[in-house]
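Novice: Protein chains in written order, with this note's numbering: chain X, 1 to 116; chain P, 117 to 232.
To start, I am sharing the structure in question, which I have written as C-alpha cells.
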Amino acid sequence: AQSVTQLDSQVPVFEEAPVELRCNYSSSVSVYLFWYVQYPNQGLQLLLKYLSGSTLVKGINGFEAEFNKSQTSFHLRKPSVHISDTAEYFCAVTYYGGTSYGKLTFGQGTILTVHP
Amino acid sequence: NAGVMQNPRHLVRRRGQEARLRCSPMKGHSHVYWYRQLPEEGLKFMVYLQKENIIDESGMPKERFSAEFPKEGPSILRIQQVVRGDSAAYFCASSPGDNLRSYEQYFGPGTRLTVT
C-alpha cells in the first residue's frame with residue numbers, strides 16, 4: 001500500500017524568503033509523484049509532476065521539486081515566495097501498472113502562509 | 117478549452133435526502149476520478165470510471181454511494197439518504213487516458229455538500 005507523509009502541517013514564511021515543503025512517500029513499487037496547490041474554496045491545480053527522467057522537475061509559478069529515490073522524498077521548493085503563494089499544498093503519489101489505474105494517494109497537506 | 121466542470125458548486129441537503137453531484141470532464145478526456153475531502157482527513161480516492169464502466173470503486177462507501185459515467189452526459193456521483201458525516205467537498209478529476217498523460221489529472225472546482 002502507498003502512503004504519503006507531509007512533514008509539516010503549516011509553514012509560515014516571510015515574503016521573498018525561500019521555502020521548502022517536505023514530502024515522503026512509501027511504496028514498494030515504482031511511483032509517479034505530484035504536487036498540487038489548492039487556494040481557498042477552489043479545486044486543485046497541478047504544480048508539477050515527476051514521471052521519469054531528470055529527478056529535478058520544474059513547475060509553474062517558479063516551483064521545483066527533486067525526486068530522491070533513496071530517501072523516498074519529493075520535496076517542493078521555491079527560492080523566493082510571494083504573498084500570492086499562500087495556499088494549501090498537497091503531495092500525491094500513484095504507481096503505474098497493475099491495479100493502480102492512476103488513482104492518487106494524497107498527503108495531509110501543508111498550509112503555506114506568506115507574510116509581508 | 118474549458119476545464120473540468122462540476123455542479124452544483126454548493127449543495128445543501130437535509131438528512132435522508134438524495135444528493136446528485138455532476139462532473140463534466142475536460143474535452144477529449146475519457147477517464148474520471150472522484151475524490152472526497154473531509155475536514156481533518158484530507159483527500160481520499162473514491163471511484164475511477166471510464167465511459168459506461170466503473171473500473172475501480174475501492175474507495176467508495178459500501179452503502180448509499182454510487183457513481184456512473186454514461187456514454188453521453190456528465191459523470192454523476194449519487195449519495196442516497198445523506199447523513200451529516202457526508203458533509204464534505206467532492207472533487208472530480210479527469211485525465212486523457214493515453215500513455216503517460218493518463219497520469220495527469222485535472223481537477224474541477226468541487227462541490228461542497230452540507231447536510232443539515
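The beta-carbon is built from N, C-alpha and C at its ideal position, and this holds for glycine as well.
1) DSSP state of TYR96 (chain X), grouped into three classes?
2) Name the DSSP bridge partner or partners of GLU134 (chain P)?
3) Less than 7 Å between the C-beta atoms of GLN153 (chain P) and ALA209 (chain P), yes or no?
4) Taking 7 Å as the threshold (C-beta atoms), are LYS58 (chain X) and GLU66 (chain X) in contact?
5) If LEU44 (chain X) sits next to PHE207 (chain P), beta carbons under 8 Å apart, how far is it from one beta carbon to the other, in whole angstroms?
6) Can you give the Cα-Cα distance for ARG77 (chain X) and ARG22 (chain X), rounded to whole angstroms?
7) Could you name the residues of the same chain whose beta carbon sits closer than 7 Å to that of SER46 (chain X), not counting the 5 residues immediately before and after it, in chain order?
8) Which one or two residues does DSSP pair with LYS160 (chain P) in a beta bridge?
9) Using the beta-carbon count (16 or more within 10 Å), is THR110 (chain X) buried or exposed?
10) Is LEU56 (chain X) buried or exposed, if buried means 16 or more other CB atoms sit within 10 Å of its CB?
11) Roughly how many whole angstroms lie between the Cα atoms of ARG129 (chain P) and PHE14 (chain X)?
12) Measuring straight from C-alpha to C-alpha, what distance separates GLY175 (chain P) and VAL81 (chain X)?
13) Can you tell which of P:PRO186, P:LEU193, P:PHE185, P:GLU188 has its C-alpha closest to the C-alpha of GLU179 (chain P)?
14) Give a yes or no on whether the minimum CB-CB distance between GLY158 (chain P) and chain X is below 7 Å.
15) Checking contacts by CB at 7 Å: is TYR206 (chain P) closer than that to chain X?
16) Is SER84 (chain X) helix, strand or coil by DSSP?
17) Below 8 Å, how does it come out for the stretch 133–140 of chain P and the stretch 151–165 of chain P: are there three or more Cβ pairs, yes or no?
18) Which value, in whole angstroms, describes the spacing of the CA atoms of ASP202 (chain P) and ASN41 (chain X)?
19) Go ahead and pull the three-state DSSP assignment for ASP8 (chain X).
20) Which residues, in order along the stretch 164–176 of chain P, keep a beta-carbon less than 9 Å from a beta-carbon of chain X?
21) Going along the chain, which residues of the stretch 15–44 of chain X sit with their C-beta nearer than 9 Å to a C-beta in chain P?
Specialist: Considering the structure as presented:
1) Counting from 1 along the first sequence, the entry for residue 96 (chain X) is found at position 96. TYR96 (chain X): coil per DSSP, three-state reduction.
2) The residue you call residue 134 (chain P) lines up with position 18 of the second sequence. According to DSSP, GLU134 (chain P) bridges with nothing at all.
3) Residue numbering aside, residue 153 (chain P) sits at position 37 when the second sequence is read from its first letter. Residue numbering aside, residue 209 (chain P) sits at position 93 when the second sequence is read from its first letter. It is not a contact, given that the beta carbons lie outside the stated cut-off.
4) Along the first sequence, one-based indexing puts residue 66 (chain X) at 66. Along the first sequence, one-based indexing puts residue 58 (chain X) at 58. Not in contact: GLU66 (chain X) and LYS58 (chain X) (Cβ atoms no closer than 7 Å).
5) Locating residue 44 (chain X) in the first sequence gives position 44, counting from the first residue. Locating residue 207 (chain P) in the second sequence gives position 91, counting from the first residue. With a Cβ gap of about 7 Å, LEU44 (chain X) and PHE207 (chain P) count as contacting.
6) The sequence position of residue 77 (chain X) within the first sequence is 77, counting from 1. The sequence position of residue 22 (chain X) within the first sequence is 22, counting from 1. Each residue's alpha carbon lies about 9 Å from the other.
7) Here the question's residue 46 (chain X) lines up with position 46 in the first sequence. Sequence inspection shows Leu at residue 46 (chain X); the Ser mentioned does not correspond to that position. Closer than 7 Å at the Cβ level, and outside the excluded window around LEU46 (chain X), lie PHE34, TYR36.
8) Here the question's residue 160 (chain P) lines up with position 44 in the second sequence. Paired residue(s): P:ARG152.
9) As a first step, residue 110 (chain X) is located in the first sequence; it is residue number 110 there, counting from the start. Its Cβ being crowded by 16 or more others within 10 Å, THR110 (chain X) is buried.
10) Along the first sequence, one-based indexing puts residue 56 (chain X) at 56. LEU56 (chain X) should be labelled exposed.
11) Indexing the second sequence from 1 puts residue 129 (chain P) at position 13. Indexing the first sequence from 1 puts residue 14 (chain X) at position 14. Near 41 Å, if we compare the C-alpha coordinates of PHE14 (chain X) and ARG129 (chain P).
12) Counting from one through the second sequence, the residue named residue 175 (chain P) turns up at place 59. Counting from one through the first sequence, the residue named residue 81 (chain X) turns up at place 81. About 36 Å.
13) Counted from its first residue, the second sequence places residue 179 (chain P) at position 63. Nearest option by C-alpha distance: P:LEU193.
14) Here the question's residue 158 (chain P) lines up with position 42 in the second sequence. Yes, contact with chain X.
15) The sequence position of residue 206 (chain P) within the second sequence is 90, counting from 1. Answer no: the Cβ-Cβ gap between TYR206 (chain P) and chain X never drops below 7 Å.
16) Taking the first sequence and counting its residues from 1, one reaches residue 84 (chain X) at position 84. Three-state DSSP puts SER84 (chain X) in a helix.
17) no
18) The residue you call residue 202 (chain P) lines up with position 86 of the second sequence. The residue you call residue 41 (chain X) lines up with position 41 of the first sequence. The alpha-carbon atoms of ASP202 (chain P) and ASN41 (chain X) are separated by roughly 18 Å.
19) Your numbering for residue 8 (chain X) matches position 8 in the first sequence. Three-state DSSP puts ASP8 (chain X) in coil, outside helix and strand.
20) TYR164, ILE171, ASP172, SER174, GLY175
21) TYR32, PHE34, TYR36, GLN38, ASN41, GLN42, GLY43, LEU44
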